[in-house]
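To start, the structure itself, in structure tokens.
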Amino acid sequence: MPNPIPVIINGAAGKMGREVIKAVAQAPDLTLVGAVDRNPAWLGQDAGELAGIEPLEIPITDQLEPTLGMAVQERELGVMVDFTHPSGVYHNVRSAIAYGIRPVVGTTGLSSEQIQDLAEFADKASTGCLIIPNFSIGVVLLQQAALQASRHFDHVEIIELHHNQKADAPSGTAIQTAELLAEMGKTYNPAQVQETETIPGVRGGLAAENIRIHSVRLPGLIAHQEVIFGAPGQIYTLRHDTSDRACYMPGVLLAIRKVTQLKNLVYGLEKIL
Ligand SMILES: NC(=O)C1=CN([C@@H]2O[C@H](COP(=O)(O)OP(=O)(O)OC[C@H]3O[C@@H](n4cnc5c(N)ncnc54)[C@H](OP(=O)(O)O)[C@@H]3O)[C@@H](O)[C@H]2O)C=CC1
Ligand SMILES: O=C(O)C1=N[C@H](C(=O)O)C[C@H](O)C1
Numbered sequence: 001m002p003n004p005i006p007v008i009i010n011g012a013a014g015k016m017g018r019e020v021i022k023a024v025a026q027a028p029d030l031t032l033v034g035a036v037d038r039n040p041a042w043l044g045q046d047a048g049e050l051a052g053i054e055p056l057e058i059p060i061t062d063q064l065e066p067t068l069g070m071a072v073q074e075r076e077l078g079v080m081v082d083f084t085h086p087s088g089v090y091h092n093v094r095s096a097i098a099y100g101i102r103p104v105v106g107t108t109g110l111s112s113e114q115i116q117d118l119a120e121f122a123d124k125a126s127t128g129c130l131i132i133p134n135f136s137i138g139v140v141l142l143q144q145a146a147l148q149a150s151r152h153f154d155h156v157e158i159i160e161l162h163h164n165q166k167a168d169a170p171s172g173t174a175i176q177t178a179e180l181l182a183e184m185g186k187t188y189n190p191a192q193v194q195e196t197e198t199i200p201g202v203r204g205g206l207a208a209e210n211i212r213i214h215s216v217r218l219p220g221l222i223a224h225q226e227v228i229f230g231a232p233g234q235i236y237t238l239r240h241d242t243s244d245r246a247c248y249m250p251g252v253l254l255a256i257r258k259v260t261q262l263k264n265l266v267y268g269l270e271k272i273l
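In the UniProt record's numbering, the protein residues as written are 1 to 273.
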């Protein structure tokens with residue numbers, strides 16, 4: 001059996017980080033070698049205990065670069081899974097690539113310019129990097145159905161609904177969904193009337209090819225998205241609901257395994273399925 005893939009989790013104490021600790025600990029071909037988080041409340045705590053499983057003898061640290069440096073010493077080249085914050089993710093990914101550690105990025109909020117820059121950096125370093133706005137298979141299927149529907153409908157709007165701890169809006173998933181629809185080579189929602197907004201922003205934000213995205217933030221939500229197509233006399237609604245963050249784990253584990261085979265940056269779960 002080949003040596004297990006060494007994995008560092010950045011944002012390990014967060015909602016997603018704790019799920020990833022559990023998933024990695026249960027995967028026989030992966031081994032947790034580092035757990036990084038900036039939140040001082042969790043420093044020094046055992047990653048396994050924090051995630052509600054057995055102790056893993058991996059304490060939470062706030063030192064990303066020394067942890068990357070330590071992982072480089074492992075027999076197998078490592079992977080950094082990042083579920084942190086839009087403000088830090090670009091720097092984290094550059095650091096990992098500089099150390100030869102392959103990033104699997106779930107954190108959203110990177111600008112398209114930042115993604116382009118990271119793609120060039122990963123390419124020059126011949127290092128695999130995966131940026132995945134949504135790790136759930138349900139969202140990939142929703143997006144595929146939306147692309148099929150877009151061949152028949154000219155009018156579409158996206159509503160994304162999330163918990164109110166989410167830092168970025170719109171969601172990375174909504175941005176990617178709009179980008180995929182825009183790649184179909186048409187401009188949506190031809191104007192029917194001259195619109196005015198009595199309350200600024202009430203018609204949502206404009207993404208590529210005239211697609212509007214509306215963001216809802218409420219306690220009680222986890223992550224939800226609707227893509228609504230309209231035509232005279234009919235509405236076609238696609239909806240995905242997350243009820244547990246465990247739904248992302250098969251995608252995260254797949255990405256960790258796939259990124260070790262890449263030499264460049266790849267964006268989107270659908271590209272590695
Ligand atoms: N791609 C996907 O499928 C999914 C993506 N996400 C995305 O993942 C990200 C994290 O989500 P979630 O787990 O819910 O968020 P949480 O706030 O629960 O967790 C993030 C953790 O990372 C810490 N952190 C923030 N910045 C840094 C940094 N620069 N270095 C190290 N640690 C840091 C936070 O500390 P502190 O508490 O001090 O801020 C916190 O402990 C978000 O961008 C979210 O949109 C979420 C779900 C699925
Ligand atoms: O913050 C979240 O929770 C989520 N973020 C991702 C996004 O911005 O699309 C993925 C999922 O929607 C959950």
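Note that beta-carbon positions come from the ideal geometry of N, C-alpha and C, so glycine has one too. Quick caveat, the model's predicted, so the values are computed rather than measured.
Subject >> Cβ separation of residue 181 and residue 215, assumed to be a contact under 8 Å, to the nearest whole Å >> reply: In the sequence shown, residue 181 corresponds to position 181, counting from 1. In the sequence shown, residue 215 corresponds to position 215, counting from 1. The pair is not a contact, with the Cβ atoms about 17 Å apart (cut-off 8 Å).
**OP:** Kindly provide the chain-ordered list of residues whose Cβ lies closer than 5 Å to any non-hydrogen atom of ligand 1.
**Re:** 11, 13, 14, 15, 16, 37, 38, 39, 83, 84, 85, 88, 106, 107, 108, 134, 135, 248
**OP:** Answer with buried or exposed for residue 202, where buried requires no fewer than 16 other C-beta atoms within 10 angstroms of its C-beta.
**Re:** Here the question's residue 202 lines up with position 202 in the sequence shown. By the neighbour-count rule (16 or more Cβ atoms within 10 Å), residue 202 is not buried but exposed.
Original post:
Which residue spans inside the stretch 72-111 form an unbroken beta strand (DSSP E) run of at least 3?
Top reply: 79-82, 102-105
Original post:
Can you list, in chain order, the residues of its chain whose CB lies under 7 Å from that of residue 67, leaving out five sequence neighbours each side?
Top reply: Residue numbering aside, residue 67 sits at position 67 when the sequence shown is read from its first letter. Excluding positions up to five away in sequence, the list reads 8, 34, 36, 61.
Subject >> Secondary structure of residue 237, DSSP reduced to three states >> reply: For the purposes of this step, residue 237 is identified with residue 237 of the sequence shown, where counting begins at 1. Of the three classes helix, strand and coil, the one that applies to residue 237 here is strand, per DSSP.
**OP:** For residue 161, collect the residues of the same chain with a Cβ closer than 6 Å to its Cβ; drop the 5 residues on either side in sequence, then sort them by chain order.
**Re:** Here residue 161 refers to the residue found at position 161 when the sequence shown is read from its first residue. Excluding positions up to five away in sequence, the list reads 216, 221, 224.
**OP:** Count the other C-beta atoms from every protein chain shown that fall within 10 angstroms of the C-beta of residue 16, then say buried if there are 16 or more, exposed otherwise.
**Re:** Here residue 16 refers to the residue found at position 16 of the sequence shown. Classification of residue 16: buried, given that the 10 Å Cβ count is 16 or more.
**OP:** Compute the Euclidean distance between the alpha carbons of residue 231 and residue 188, then round it to the nearest angstrom.
**Re:** Walking along the sequence shown from the start, residue 231 turns up at place 231. Walking along the sequence shown from the start, residue 188 turns up at place 188. About 12 Å.
Original post:
Thinking C-beta only, is residue 172 closer than 8 Å to residue 134?
Top reply: Your numbering for residue 134 matches position 134 in the sequence shown. Your numbering for residue 172 matches position 172 in the sequence shown. Yes, these two residues count as a Cβ contact at 8 Å.
Original post:
Where do the N-terminal and C-terminal ends of the beta strand (DSSP E) with residue 6 fall, by residue?
Top reply: Locating residue 6 in the sequence shown gives position 6, counting from the first residue. It spans 5-10 - the beta strand (DSSP E) in which residue 6 sits, taken as one unbroken run.
Subject >> Touch test, the stretch 92-103 against the stretch 229-247, Cβ-Cβ under 8 Å, three pairs minimum >> reply: no
Original post:
Does the stretch 78-90 come close enough to the stretch 236-246 that 3 or more CB-CB pairs lie under 8 Å?
Top reply: no
**OP:** List the whole-angstrom C-beta distance separating residue 101 from residue 255, where the pair is believed to meet the contact cut-off of C-beta under 8 Å.
**Re:** The residue labelled residue 101 in the question sits at position 101 within the sequence shown. The residue labelled residue 255 in the question sits at position 255 within the sequence shown. Rounded, the Cβ-Cβ distance is 14 Å, inconsistent with contact.
**OP:** Look at the alpha carbon of residue 118 and the alpha carbon of residue 143, and state the distance between them as a whole number of angstroms.
**Re:** Counting from one through the sequence shown, the residue named residue 118 turns up at place 118. Counting from one through the sequence shown, the residue named residue 143 turns up at place 143. Cα to Cα, the separation comes out at about 25 Å.
**OP:** Go through its chain and collect everything with a Cβ distance to residue 25's Cβ below 7 Å, but skip five positions before and after it.
**Re:** As a working note, residue 25 is residue 25 in the sequence shown. Excluding residues within five positions, the ones whose Cβ falls inside 7 Å are 32, 48, 53, 56.
Original post:
Looking only at DSSP bridge pairs, what is residue 2 linked to?
Top reply: The count along the sequence shown starts at 1 and reaches residue 2 at position 2. Paired residues: none, contrary to the question.
**OP:** Compute the Euclidean distance between the alpha carbons of residue 99 and residue 38, then round it to the nearest angstrom.
**Re:** Taking the first residue of the sequence shown as 1, we reach residue 99 at position 99. Taking the first residue of the sequence shown as 1, we reach residue 38 at position 38. Taking the straight line from one Cα to the other gives about 20 Å.
Original post:
Just the Cα atoms here: how many angstroms apart are residue 146 and residue 75?
Top reply: Residue mapping note: residue 146 aligns to position 146 of the sequence shown, counting from 1. Residue mapping note: residue 75 aligns to position 75 of the sequence shown, counting from 1. The alpha-carbon atoms of residue 146 and residue 75 are separated by roughly 44 Å.
Subject >> Length of the line joining the Cα atoms of residue 197 and residue 204 >> reply: Taking the sequence shown and counting its residues from 1, one reaches residue 197 at position 197. Taking the sequence shown and counting its residues from 1, one reaches residue 204 at position 204. Answer to the nearest angstrom: the Cα atoms are 10 Å apart.
Original post:
Are residue 219 and residue 163 closer than 8 Å when you measure CB to CB?
Top reply: As a position in the sequence shown, residue 219 is number 219, starting the count at 1. As a position in the sequence shown, residue 163 is number 163, starting the count at 1. Closer than 8 Å, so yes.
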